[in-house]
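Novice: Encoded as structure tokens, here's the structure I'll be asking about.
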Amino acid sequence: MGNDARDKESFFDSCGEANRFTIHEIIGKGSYGVVCSATDNKTGERVAIKKITDVFEHVSDATRILREVKLLRVLKHPDIVEVKHIVLPPNPREFKDIFVIFELMETDLHQVIKANDDLTQEHHQFFLYQLLRGLKYVHTANVYHRDLKPKNILANADCKLKICDFGLARPAFHDSGPTTVFWTDYVATRWYRAPELCGSFFTKYTPAIDIWSVGCIFAEILSGKPIFPGKNVVHQLEIITDLLGTPHPDQVAKVRNEKARRFLGNMRVKPKVPFSRRFPKAAPGALALLEKMLAFDPDERPTAEEALADPYFVGLADAAREPAAEVVSRAEYAFESRKVTPEEVRGLLYREILEYHPQAKREFEGSENASSFGYATSAVGADFAAVEEAAAEAASQGSAPRRELRRSAQSLPRERVENYRAEAEHMMGGAGALKRSDSIQTRSKPVTQSDMDEIMDATDAMSLDDREIAEAAAQARSMMEANAVG
Numbered sequence: 006m007g008n009d010a011r012d013k014e015s016f017f018d019s020c021g022e023a024n025r026f027t028i029h030e031i032i033g034k035g036s037y038g039v040v041c042s043a044t045d046n047k048t049g050e051r052v053a054i055k056k057i058t059d060v061f062e063h064v065s066d067a068t069r070i071l072r073e074v075k076l077l078r079v080l081k082h083p084d085i086v087e088v089k090h091i092v093l094p095p096n097p098r099e100f101k102d103i104f105v106i107f108e109l110m111e112t113d114l115h116q117v118i119k120a121n122d123d124l125t126q127e128h129h130q131f132f133l134y135q136l137l138r139g140l141k142y143v144h145t146a147n148v149y150h151r152d153l154k155p156k157n158i159l160a161n162a163d164c165k166l167k168i169c170d171f172g173l174a175r176p177a178f179h180d181s182g183p184t185t186v187f188w189t190d191y192v193a194t195r196w197y198r199a200p201e202l203c204g205s206f207f208t209k210y211t212p213a214i215d216i217w218s219v220g221c222i223f224a225e226i227l228s229g230k231p232i233f234p235g236k237n238v239v240h241q242l243e244i245i246t247d248l249l250g251t252p253h254p255d256q257v258a259k260v261r262n263e264k265a266r267r268f269l270g271n272m273r274v275k276p277k278v279p280f281s282r283r284f285p286k287a288a289p290g291a292l293a294l295l296e297k298m299l300a301f302d303p304d305e306r307p308t309a310e311e312a313l314a315d316p317y318f319v320g321l322a323d324a325a326r327e328p329a330a331e332v333v334s335r336a337e338y339a340f341e342s343r344k345v346t347p348e349e350v351r352g353l354l355y356r357e358i359l360e361y362h363p364q365a366k367r368e369f370e371g372s373e374n375a376s377s378f379g380y381a382t383s384a385v386g387a388d389f390a391a392v393e394e395a396a397a398e399a400a401s402q403g404s405a406p407r408r409e410l411r412r413s414a415q416s417l418p419r420e421r422v423e424n425y426r427a428e429a430e431h432m433m434g435g436a437g438a439l440k441r442s443d444s445i446q447t448r449s450k451p452v453t454q455s456d457m458d459e460i461m462d463a464t465d466a467m468s469l470d471d472r473e474i475a476e477a478a479a480q481a482r483s484m485m486e487a488n489a490v491g
């Protein structure tokens, strides 16, 4: 048994829920750790278990995990991925890894778009409807996702989409106007970033940034390829203005980065390209809404609720009936506004995990020296490690191609996908079901090496190292001090 397997076994020493999960196979792997498919023997459900290793090695990564776990506990909605459970660590003061149990989804929207070039107009409409419905719920909780992209939208063969990866999300407290938060271009995906954020490390933003991202995703659904694949900030602004035309000076003024403003101000005049020319097969209603979401000026973009009320969704959506969330508590996210130590984040994360263990929570809160619990040894860690070791051994012998470490693009969609509006029909009480003849047809495409490299980091954004964080934080502090002096 390798060192990794032994480490995972030791993590589960004295940890409860023995034999609750049966581990099947690795379905994802990246810098964060490993994801395995499994069966929850308590409920009979198929689940995905995400093992996140060395959580507290970097405080920024640990804070991101804490933020995501806290948000997903309260953001319960059909269009948002659900955390089913989190395995309780054996000791609140010493654990390093965590095991988060999610509902199992087959693939992500990035793979759906790559595998299919014959999506119908009804598919376009229903995909966007789900994205906006989920985003409305997130925004009514006063939360901004900040990293919406096709890889962060999970998908099933029945066309069900779910928003995931809330590690960059932020609660917004509006008593002081638009939210101001440290933002880094190293983490957020440039192709889906709103133009007002281009080149900005420390900036104010509004929910309109997520609407822009949804617009980029929808354009990719319509065309089969990213709409703004910028190589850098300058190129990003170039290709945005190639489609939208040169922005008005009042719009340029809303771009936060001075160099980006100067670049846009000196840009040659470009005419706006008709969206019907760029997307010749798309429905007129789809393009009309897309133009609104991709407005250069953030103040001109619709809210998620306004977009759901667009004529494009007549007969499918009723914005007034879509559920809204309770606003998140400021006290729950006090850690966001101060510097925290790894020990503090560990304690906060442990208390968050206890929310999935009511009995252990009562024992912990009632103990004067709540440091550990004597639960029976769990088989989950050993099973998880065994699957990892078997996969590594097979790969070393050349018997397992790397593509086994990913959800297959060919797994979605399947032939004869029926009633993909069933959930909408149930929630809205009247939307019709998709006709059998309009089902998605499978059209597999070859998987290239570049595809495989993309998948290795498909569920995890690039993390900053300590030097990059220090440099960006210093820049943010300088800007804050300059503003205070001014």
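Here the sequence shown stands for residues 6 to 491, where the numbers follow our numbering. Where is the CB? At the ideal position from N, CA and C, for every residue including glycine.
Looking only at its chain, what residues have a beta carbon closer than 8 angstroms to the beta carbon of HIS129, apart from the 5 residues adjacent to it on each side?
Specialist: PHE223, ILE226, LEU227, ALA287, ALA288, ALA291, listed in sequence order.
Novice: Terminal residues of the continuous alpha helix (DSSP H) containing LYS366?
Specialist: Per DSSP, LYS366 belongs to the alpha helix (DSSP H) from 363–371.
Novice: Beta-carbon separation of VAL501 and PHE107 under 7 angstroms?
Specialist: What the structure shows of the chain is the stretch from 6 to 491, and residue 501 is not part of that stretch, so it cannot be assessed.
Novice: Please list, in chain order, all residues of the same chain as MET298 whose beta carbon is under 8 angstroms from its beta carbon, the five residues on each side excluded.
Specialist: These residues qualify, in order along the chain: ILE216, TRP217, VAL219, GLY220, PHE223, ARG306, PRO307, ALA312.
Novice: Are the CB atoms of ALA213 and PRO303 nearer to each other than 7 angstroms?
Specialist: Yes.
Novice: Between the Cα of GLY49 and the Cα atoms of ASP152, CYS41, GLY35, ARG25, which residue gives the shortest distance?
Specialist: Residue ARG25 is the option with its Cα nearest to GLY49.
Novice: Which whole-angstrom value describes the C-beta separation of VAL148 and VAL333, a residue pair presumed to lie in contact below a C-beta threshold of 8 angstroms?
Specialist: With a Cβ gap of about 6 angstroms, VAL148 and VAL333 count as contacting.
Novice: From LYS366 to ARG356, what does the alpha carbon distance come to, in whole angstroms?
Specialist: Rounded to whole angstroms, LYS366 to ARG356 spans 8 angstroms at the Cα level.
Novice: Which two residues bound the contiguous alpha helix (DSSP H) that contains PHE280?
Specialist: Its alpha helix (DSSP H) spans residues 280–283.
Novice: Which whole-angstrom value describes the C-beta separation of LEU269 and VAL260, a residue pair presumed to lie in contact below a C-beta threshold of 8 angstroms?
Specialist: Their Cβ separation, rounded to whole angstroms, is 6 angstroms, which keeps LEU269 and VAL260 in contact under 8 angstroms.
Novice: What are the boundary residues of the beta strand (DSSP E) that includes PHE131?
Specialist: That residue, PHE131, is in no beta strand (DSSP E); its alpha helix (DSSP H) goes 126–145.
Novice: Please classify ARG25: does DSSP put it in a helix, a strand, or coil?
Specialist: In the structure shown, ARG25 sits in coil (DSSP, three-state: anything other than H, G, I, E or B).
Novice: Quick check: VAL52 and LYS89, are their CB atoms within less than 7 angstroms of each other?
Specialist: Yes, the Cβ-Cβ distance between VAL52 and LYS89 is below 7 angstroms.
Novice: Tell me which residues share the same chain as GLU337 and place their Cβ nearer than 7 angstroms to its Cβ, disregarding the 5 neighbours each side in the sequence.
Specialist: Contacts found: LYS75.
Novice: For VAL345 and THR58, which I take to be in contact (beta-carbon distance under 8 angstroms), what is that distance rounded to the nearest angstrom?
Specialist: The Cβ separation is near 20 angstroms, so there is no contact.
Novice: List the endpoints of the continuous alpha helix (DSSP H) containing GLY270.
Specialist: Per DSSP, GLY270 belongs to the alpha helix (DSSP H) from 263–270.
Novice: I'd like to check one pair, PRO200 with PHE301: are the Cβ atoms closer than 7 angstroms?
Specialist: Cβ distance < 7 angstroms, so PHE301 and PRO200 count as in contact.
Novice: Closer than 6 angstroms to a non-hydrogen atom of the ligand HEM - does that hold for the CB of ILE358?
Specialist: Judged by which ligands are present, the structure shown has none, so any question about the ligand HEM falls away.
Novice: Suppose contacts are defined by Cβ-Cβ distances below 7 angstroms. Is HIS82 in contact with TYR142 by that definition?
Specialist: Yes; because the gap between Cβ atoms is below 7 angstroms, this pair is in contact.
Novice: Determine, using beta carbons only, whether PHE369 and LEU353 come nearer to each other than 7 angstroms.
Specialist: Contact: no.
Novice: On the CB-based measure, 16 or more other CB atoms within 10 Å of its CB, does GLN364 come out buried or exposed?
Specialist: Classification of GLN364: exposed, given that the 10 Å Cβ count is below 16.
Novice: By Cβ distance, which residues of its chain are closer than 6 angstroms to ASP315, with the 5 residues on each side in sequence left out?
Specialist: Closer than 6 angstroms at Cβ, skipping near neighbours: LEU294.
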